[in-house]
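J.: Below: one structure in structure tokens.
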Amino acid sequence: MLDALTVAVAVTALALAAWCGHAAYRDQPTKDWHFIGMAVVSVLALAQLVVGVVQLARGERPEQGMAVFIAYLIGSFAAVPAAGFLSLTERTRWGSVTVAAGAVVLAVLEVRLYDIWGN
Amino acid sequence: MTSGETDVSDTDRPEVAAAPKPSFELGTGPGRVLVWFYGVFTVAAASRTIVEMARGFDRAPLAYTLSAVAALVYGFITYSLVRGGEKARRAALVCCAAELLGVLVVGAWTLAEPTAFPDSTVWSDFGMGYLFIPVILPVTGMIWLRRAKTVAV
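Chains B and Y supply the protein sequences, listed in that same order. Going letter by letter, the first sequence gives residues 1 to 119 in the numbering used here. Going letter by letter, the second sequence gives residues 1 to 153 in the numbering used here.
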């Protein structure tokens with residue numbers, strides 16, 4: 001369950017990065033549709049956070065330590081919304097670049113999360 | 001009649017008109033992307049430090065202290081970029097130089113004497129564990145901060 005979500009978040013994050021990167025390439029700020037895309041990725045990341053905490057509560061333990069795992073779960077959840085807020089006040093192509101960068105950071109976090117959880 | 005007037009574009013308008021010189025923005029435009037990356041690295045370095053310290057400072061005191069220093073430098077640069085103004089620009093420039101120096105020195109140090117570092121830091125191996133962004137970031141930062149001056153003055 002957690003691994004499936006990790007893959008789903010990583011893939012959608014990369015798609016979001018490509019989409020916003022394309023908007024930046026065309027010299028456009030983030031639009032409503034981009035924010036819907038960000039919401040989808042954020043909901044998936046939130047689901048991952050919940051599932052991760054539930055698995056911890058069930059007594060399952062991540063391979064590389066609890067604190068690191070929780071820190072990465074929270075970071076993954078916060079990454080895209082934080083970049084989205086920055087792009088709200090930056091109505092140029094650079095706002096789109098910021099969201100694309102945020103989504104790439106999220107994808108990297110997911111790879112690390114996969115390693116940290118292990119099993 | 002307003003629609004018929006030809007507007008003076010921003011580039012043609014003389015800047016002298018503005019009464020008290022507003023503190024110019026460092027964290028907008030391309031600077032916004034820098035704010036994002038510096039913000040991410042502040043959080044990354046700070047949380048890394050907290051986790052490492054919680055596990056036991058004595059395991060690798062040098063590495064953990066360097067992580068804490070990195071977190072402080074990143075945090076200060078993020079703050080300066082958001083704040084803007086000439087003073088913040090200069091302070092951020094100095095910090096970016098310190099950051100670059102830190103990455104290069106620590107990077108070389110970890111390769112030359114791995115035994116001094118039982119655990120790695122953000123700047124180990126020139127930031128390889130962070131996709132070399134720790135090396136790229138201060139260089140981009142300094143380019144942006146130097147350019148911001150010529151734009152503002």
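Virtual Cβ for every residue (Gly too), placed ideally from N, Cα, C. Remember, it's a predicted structure, so these values are computed and weren't measured experimentally.
For Gly107/Y, count neighbouring Cβ atoms within 10 angstroms of its own Cβ and tell me buried if that reaches 16, exposed if not.
T.: buried
J.: Taking Cβ positions only, does Thr12/B come closer than 9 Å to chain Y?
T.: no
J.: Is Arg83/Y close to chain B? Criterion is C-beta to C-beta, closer than 9 Å.
T.: no
J.: If I'm right that Leu155/Y touches Leu34/Y with Cβ under 8 Å, what's the distance once you round it to whole angstroms?
T.: Because chain Y in this structure spans residues 1 to 153, residue 155/Y falls outside the shown range and cannot be described.
J.: Which residue from Phe69/B, Ala57/B, Val54/B, Phe35/B puts its Cα closest to that of Val111/B?
T.: In terms of CA proximity to Val111/B, Phe69/B leads the group Phe69/B, Ala57/B, Val54/B, Phe35/B.
J.: State the DSSP-derived secondary structure class of Ile133/Y, mapped to helix, strand or coil.
T.: Residue state, collapsed to three classes: helix.
J.: From this set, Asp115/B, Leu113/B, Ala47/B, Gly102/B, which residue's C-alpha is nearest Met38/B's C-alpha?
T.: Gly102/B
J.: At what residues does the alpha helix (DSSP H) containing Ala24/B begin and finish?
T.: 2-25
J.: Using a Cβ cut-off of 7 Å, which residues of the stretch 85-96 of chain B contact any Cβ in chain Y, in chain order?
T.: So the close ones are Leu86, Glu90, Thr92, Trp94, Gly95.
J.: Which value, in whole angstroms, describes the spacing of the CA atoms of Ala97/Y and Phe85/B?
T.: 29 Å
J.: Taking Ala13/B as the reference, give the member of Asp27/B, Phe35/B, Met1/B, Gly52/B with the closest Cα.
T.: Phe35/B
J.: Does the separation of the CB atoms of Gln64/B and Leu2/B fall below 9 Å?
T.: no
J.: From the DSSP output, in three-state form, read off Leu145/Y for me.
T.: helix
J.: Checking contacts by CB at 9 Å: is Ala83/B closer than that to chain Y?
T.: yes
J.: Under a Cβ-count criterion, where at least 16 other Cβ atoms within 10 Å of its own Cβ denotes burial, should Phe41/Y be classed as buried or exposed?
T.: buried
J.: Report the three-state DSSP secondary structure of Arg61/B (helix, strand or coil).
T.: coil
J.: Can you pull the chain B residues whose beta carbon is under 8 Å from the beta carbon of Pro114/Y, in chain order?
T.: Correct list: empty, because the minimum Cβ distance to chain B is about 21 Å.
J.: So is Trp33/B buried or exposed if we call it buried at 16+ other beta carbons inside 10 Å?
T.: exposed
J.: Using CA coordinates, which residue listed in Arg59/Y, Val73/Y, Ala112/Y is at the minimum distance from Ala44/Y?
T.: Val73/Y
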